[in-house]
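For reference, the structure discussed in these notes is given below.
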Amino acid sequence: MQSLLLFLILSVYRIDVMLPMSGTLGPIGHDFFDGMKMGLGRTSVEIHLWDTKNNPGKVYESASKIIDSNTSLIIGPLSSLNMRSLLRVVEDEGIPVISPLARDLTLIDEYDYYFSFLEKYYLEMKEEIRFTINVLGYYNFAFVFPRTSFGYSLKEEANKFATMFGANIVANIFYDSSGTDFSDIVDYLNGLNVEAIFIPVCDEGSYILAGQIRASTNFTPIMGLDGWSKRAINRGLGTLDKVLIASLPIDYRIEIQRESSLRRFEEAFNDIFGHPPSLYNMLGYDTGKILKALYQKKALESPETAFSSLSSFGIYHGLTGDILFGRKEGFITFYLVKFGKIQKLREEDYGYFKTPEEKP
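Each residue of the sequence shown is one higher than the one before, starting from 2 at the first, in our numbering.
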């Protein structure tokens, strides 16, 4: 039997939201939905909420009913497995799907109407690999990923892009994000004939790993994505050097505005619910604000208008970070860590990666 909850603000435009509202992941679904309603405010949309029960079969069943409706777009579901089940149903229907939670980047290749909150990582990696090959002239890569589902999806996309642009993949290595001793990985990397080491994710483990690579006097250029630049700004990179970062443009004013917006949201949320917001509350809030922006652009009239608007959306500066829609490579900017300081990459810096450098 169809599990459908109707949340009616004003019956104007319809969107469908697929979340686990019961079972072990029910609290996540409720947190997300509470945040989304706050982001939407009094926006005149009709929300059809489907309880997926975190079950791919339930997602498939619900999606089969959604495609016969007049929905403008779909939000969710939660996991990559459930998202894959949804895309199998809607892939030929032209209905945009916004994915705030699924972490499998390979899904981006499978559906033209799929918009992921993590799409910037897909584009950053693609552009960085292309730049490293076509501009810097490096072909022998070692890829280093966290041993997580996100890390494995990064590996699939990195290998695809490297093969596409003619690179030689010398090694794919996985590390424990909570680890502190990476001597085995460092020794292995030091024994390889590589021109670039890709460590796309900046977490506590990769930060320590990169430091241990440099401590071994291995100055092979390290390539990273957006998280590295944030860590560089927040903590300083110390002795790390020759790091190339592909990122959305760094804007300190945006970061200040984000901190101010986050404080206001936390205060408002606490007033309503009596406790601080979770990450899923904030992801839901960002989703609601994006929907509100689409509504204000009159983009929720149909799947076609929603898709067109999302494709040209650009960068949304949310509480949870910068979100890039539309697969626009032009937004990607390169930064260089040189003598422990981060700066925008200039053409005269290209040779810096090619020349062995001593520790500063």
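Heads up, the beta-carbon is just placed ideally off N, CA and C, and yes, glycines get one too.
Query: Rounded separation between A64 and M39 - CA only; Result: 25 Å
Query: Candidates L119, D227, G289 and F270: closest to I251 by CA position; Result: D227
Query: Spatially closest choice to R15 from D52, K355, T334 and S303, by CA coordinates; Result: S303
Query: Contact belief for F142 with I186 at Cβ below 8 Å, rounded distance in angstroms; Result: In fact, because the Cβ distance is near 15 Å, the residues do not count as touching under 8 Å.
Query: Cutoff 7 Å; reference F8; Cβ partners in own chain excluding five residues on either side; Result: Unreliable positioning characterises F8 in this predicted model, as indicated by a pLDDT of 45, which lies under 50. The coordinate reading is nonetheless provided below. Excluding sequence neighbours, F8 sits near I48 and L50.
Query: Chain-order list of residues whose beta-carbon lies under 7 Å from that of L72 (same chain, five-residue window excluded); Result: Correcting the residue identity first, residue 72 is Thr in this sequence and not Leu. Hits under 7 Å: R15, I16, D17 and I96.
Query: Neighbourhood of A211 by C-beta, 7 Å cutoff - its chain only, sequence neighbours within 5 removed; Result: I200, I223 and L241
Query: Residue environment, N282, which counts as buried when at least 16 other CB atoms sit within 10 Å; Result: buried
Query: V91, buried or exposed, once every other Cβ within 10 Å from all chains shown has been counted against 16; Result: buried
Query: Beta carbon of I174 nearer than 8 Å to that of F144; Result: yes
Query: Residues bridged to H31 (per DSSP); Result: BP columns for H31 are empty, so no partner.
Query: Outcome for G319 when other beta-carbon atoms lying within 10 angstroms are tallied against a minimum of 16; Result: buried
Query: Per-residue DSSP class, three states only, for M165; Result: helix
Query: Nonlocal neighbours in the same chain, by C-beta distance under 6 Å from T133, ignoring five residues either side; Result: Y139 and A197
Query: Nearest candidate by alpha-carbon position, reference P57, set L88, M37 and S70; Result: L88
Query: Same chain, Cβ closer than 6 Å to D323, five either side skipped, listed in chain order; Result: L249 and I316
Query: Counted within 10 angstroms of its Cβ, other Cβ atoms place K360 as buried (16 or more) or exposed; Result: In this prediction, K360 has a pLDDT of 42, which is less than 50 and means its spatial position is unreliable; what the coordinates show is noted afterwards. Counting Cβ neighbours within 10 Å, K360 comes out exposed, since fewer than 16 surround it.
Query: F146 versus E62: straight-line alpha-carbon distance, rounded; Result: 35 Å
Query: Supposed contact pair D105 and S81 - C-beta distance, whole angstroms, cut 8 Å; Result: 3 Å
Query: Spatially closest choice to T334 from I246, A307, P277 and G289, by CA coordinates; Result: I246
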